[in-house]
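First to last, the sequence lines map onto chains A and B. Residues in the first sequence are numbered from 1 upward in steps of one, following my numbering. Residues in the second sequence are numbered from 1001 upward in steps of one, following my numbering. By construction, the Cβ of each residue, glycine as well, lies at the ideal position given by its N, Cα and C atoms. As structure tokens, the structure follows; a few thoughts come after it.
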Amino acid sequence: MTRALKYLALLGYVAFLSFPLLWLLSTALKTPQEMAALDPTWIPRRPTLANFADAFAEQDLVGAGLRSLVVAVATALITVALALPAAYALARFRGVAGKIAIGWVLVSQVFPVVLIIIPLFMVLRRLELVNTLAGLTVVHVTFVMPFALWMLRGYVRAVPRELEEAASVDGAGRLRALAAVVAPLLAPGVVATLLFSFISSWNEFMFALVILKDPEVETLPLTLVRFVGPEGVARLGPLAAASLLATVPSLVFFAIIQRRLRSGLMAGAVKG
Amino acid sequence: MTAVAERPYGRAGGGPRRGLLSGSGLTLLLPALVPVLLFSVGPLVYGILLAFTDARSGRNTVTSFVGLENFAELLSDGDFWESFRIGMVWGVSVTVLQFLASLGLALLLNQDLRLRGVARVLAVVPWAMPPVVVGLMWRLVYHPDAGLLNGLFGSNVDWLHDFSLALPAVIVVGVWTGMPQTTVVLLAGLQNVPRELYEAVSVDGAGTWRRFWNVTLPQLRPVIVAITSLDFVWNINQFSLVYVLTQGGPGGRTRLPMLFAYEEAFRYGFFGYAATLGVAITIVVLAVLGLYLWRQAREGA
């Protein structure tokens, strides 16, 4: 292939990947008049931030954002707290339980969520956790767990065993050795897993849709969908503005962990 | 490895009755396993059992086993077959298009081109966006009046409400969302192809295409098999994106199996029937995957 053709292809990809994003941004900054114009423009003639103000006025974005934040932070902390010891065990011990756990990580990817979500809903209803953020957090923890376990296991494996052994030989107890030698090396991996769990929960829609029924407990993705009215008639400007805002945390976190997450996902996908 | 085996807390299986995992290992696993067992494995088993009952969402109805009745009903349910067909069209086309587009992009990103940095960053963005936002964003692109697509082409089409265009339109969004992950995985695969192999065939005077067919593709094979299988499963299980885009409309033309099941369970309250659907889809997905992996393994051997 000639160089020119390659550039053309790459340009095509860049356009395909970026045009929807640019359109989202453009729509968020347009006045209703300009949006109604028959000849759509890329760059708003009279850019306005009114859509952002309208978005906050139309839906309880602050409340929803806070609730999403609470669920996502709780999910991340609980998931990593539970997964870290398990990941350590999976990386360092061999046994049937370990194989089963890894097997489950893979199997959990195959089963359709509906198969789990119905009984889960019935269980949560019995526990009176339907319509509560606690209920949603429990579910998010459960579903983020396999991948968090997978990621952390990789990070533990990357820590040479010799380091632990050296620490034990020096007379340090096993836990001391772990805390002093292994933990600092694991810190970046733990942070990456925390952020991954946070984003998974922040972005999650289906479980929230099933579990949270009242507007007072809705998380952000549910509130965003409210911008599309019951008849699908949407106020496009506020919708675009709110969508942009909801993406900001994900993008920030993603920028931080991008490379780590990549290697984690790669390990999961390729070795899986 | 050998040193570890000697340690008191070392690997299990040193003696009988330690097969499951040595004591401390199991203790470490337990905190993670309990929620997974309670809220994932448990419900999964319960869900499979539900498929054989007439469970409803109402609290007062008595649930009873109905054997294979749900399955019989499913097989004669035209709406199910339509949804099943749409699901397969969606699952296969998104997976295949995603793979082809990602392979192209990965090959380009693997080369020394100027736009590479921009494309690399962009290729990851869809991944970071909440699926709901992706759905809403594409609604803006497809909007009949203020949409980007009609603006570009000067057309006047209501893409998401057109009976024949809705599914292709949704498939494009599926490809857009799934591309980053597939690209990243393929790119990693490309970078792991040993350079010597290329040098070896270059000596034989092989051109770009020969190098691609004889070195790149065979070397990438395990990665390709892994990522396309996973993509297929993820695509079949897709819900949020399509729910936000079309809610399964128009007239059920984009009602993927997961949306069908969701409606049956949480709109109409037929828990048992929806569970049956879940079981049926799982069986089909496992069968398709099994066949694909089996063929790949045979060809690879």
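Tell me the rounded alpha-carbon separation between B/Val1288 and B/Gly1189. If I take the Cα positions, the gap works out to 24 Å.
Closest to B/Gly1058 by C-alpha separation, out of B/Phe1270, B/Leu1108, B/Leu1277, would be which residue? B/Phe1270
Taking the straight line between their C-alpha atoms, what separation do you get for A/Asp60 and A/Thr223? 8 Å
Give the list of continuous alpha helix (DSSP H) stretches no shorter than 4 residues that lie fully inside the stretch 1080 to 1130 of chain B. 1116 to 1128
Between B/Met1137 and chain A, is any beta-carbon pair separated by less than 8 Å? yes
With distance defined between alpha-carbon atoms, name the residue in A/Leu22, A/Glu218, A/Arg45 nearest to A/Gln33. Residue A/Arg45 is the option with its Cα nearest to A/Gln33.
Going along chain B, which residues have a C-beta under 7 Å from A/Asn203? Pro1130, Pro1131
Identify each residue in the stretch 186 to 213 of chain A for which the Cβ-Cβ distance to at least one residue of chain B is less than 9 Å, and report them in chain order. Ile199, Trp202, Asn203, Glu204, Phe205, Met206, Leu209, Val210
Pick from A/Thr79, A/Val252, A/Ala28, A/Ala15: whose alpha carbon is nearest that of A/Ser201? The residue with the shortest Cα to Cα distance from A/Ser201 is A/Thr79.
Going straight from the alpha carbon of B/Leu1074 to that of B/Gln1238, what length do you get? The alpha-carbon separation between B/Leu1074 and B/Gln1238 amounts to approximately 21 Å.
So, are the CB atoms of A/Ser243 and B/Val1133 less than 8 Å apart? yes
Would you kindly work out how many angstroms separate the C-alpha atoms of B/Thr1216 and B/Val1201, rounded to a whole number? 11 Å
To be precise: take each residue of the stretch 1148 to 1161 of chain B, compare its Cβ to all Cβ atoms of chain A, and keep it if any distance is under 7 Å. Which residues remain? Leu1148, Gly1151
Examine the Cβ distances between the stretch 1169 to 1187 of chain B and the stretch 1118 to 1131 of chain B and report whether three or more of them are shorter than 8 Å. In this structure the stretch 1169 to 1187 of chain B lies against the stretch 1118 to 1131 of chain B, because at least three pairs of beta carbons, one per stretch, are closer than 8 Å.
Partner residues on chain A for B/Gln1219, Cβ-Cβ distance less than 7 Å: Within 7 Å Cβ-Cβ: nothing; B/Gln1219 doesn't reach chain A, min ~13 Å.
Hey, quick one: how far does the alpha helix (DSSP H) through B/Thr1182 stretch, first residue to last? 1166 to 1191
Distance CB(A/Ala83)-CB(A/Leu136) smaller than 8 Å: No. Outside cutoff.
Measure how close the beta-carbons of A/Val217 and A/Asn131 come, nearest whole angstrom, since I'm counting them as under 8 Å. 6 Å
Assign A/Val159 to one of three DSSP states: helix, strand, or coil. coil
Using 8 Å for Cβ pairs, my map puts B/Leu1029 next to A/Ala89. What's the rounded Cβ distance? 5 Å
C-beta contact flag for B/Pro1130 and A/Pro221 at 8 Å: yes
Measuring CA to CA, which of A/Phe147, A/Glu128, A/Pro249 is closest to A/Val107? A/Phe147
Nearest-angstrom beta carbon gap, B/Ala1166 and B/Thr1063 [assumed within contact, 8 Å]: Incorrect: roughly 37 Å between the Cβ atoms, too far for contact.
Please identify the residue among A/Arg125, A/Asp54, A/Phe121 whose C-alpha is closest to the C-alpha of A/Leu236. A/Asp54
Check whether B/Thr1276 and B/Ala1055 have beta carbons under 8 Å apart: Against a cut-off of 8 Å, the Cβ pair of B/Ala1055 and B/Thr1276 comes out as no contact.
Could you have a look at A/Val130 and say whether DSSP puts it in helix, strand or coil? coil
Please tell me whether B/Asn1235 has its Cβ less than 8 Å away from any Cβ of chain A. no
Under 7 Å: does the beta carbon of B/Gly1078 sit that close to some heavy atom of the ligand GTP? Absence of the ligand GTP is noted for the structure shown, with no ligands found whatsoever.
Start-to-end residues for the alpha helix (DSSP H) that takes in A/Glu34: 32 to 36
Give the residues of chain A in contact with B/Thr1095, contact being defined as C-beta atoms less than 8 Å apart. Among the residues of chain A, none has a CB under 8 Å from the CB of B/Thr1095; the nearest is roughly 14 Å distant.
C-alpha gap between B/Val1141 and B/Val1203, whole angstroms: 49 Å
Taking A/Leu127 as the query, report the chain B residues whose CB atoms sit under 9 Å from its CB, ordered along the chain. Here the premise fails: no neighbours, minimum Cβ distance about 10 Å.
If you draw a straight line from the C-alpha of A/Phe205 to the C-alpha of B/Gly1154, how long is it? Roughly 34 Å between the two C-alpha positions.
Can a CB atom of chain B be found closer than 8 Å to the CB of A/Leu5? Not an interface residue.
B/Ile1171 at chain A interface by Cβ criterion, 8 Å: With respect to chain A, the C-beta atom of B/Ile1171 has no partner C-beta closer than 8 Å.
Chain-ordered chain B contacts of A/Met35 [CB-CB under 7 Å]: Ala1146
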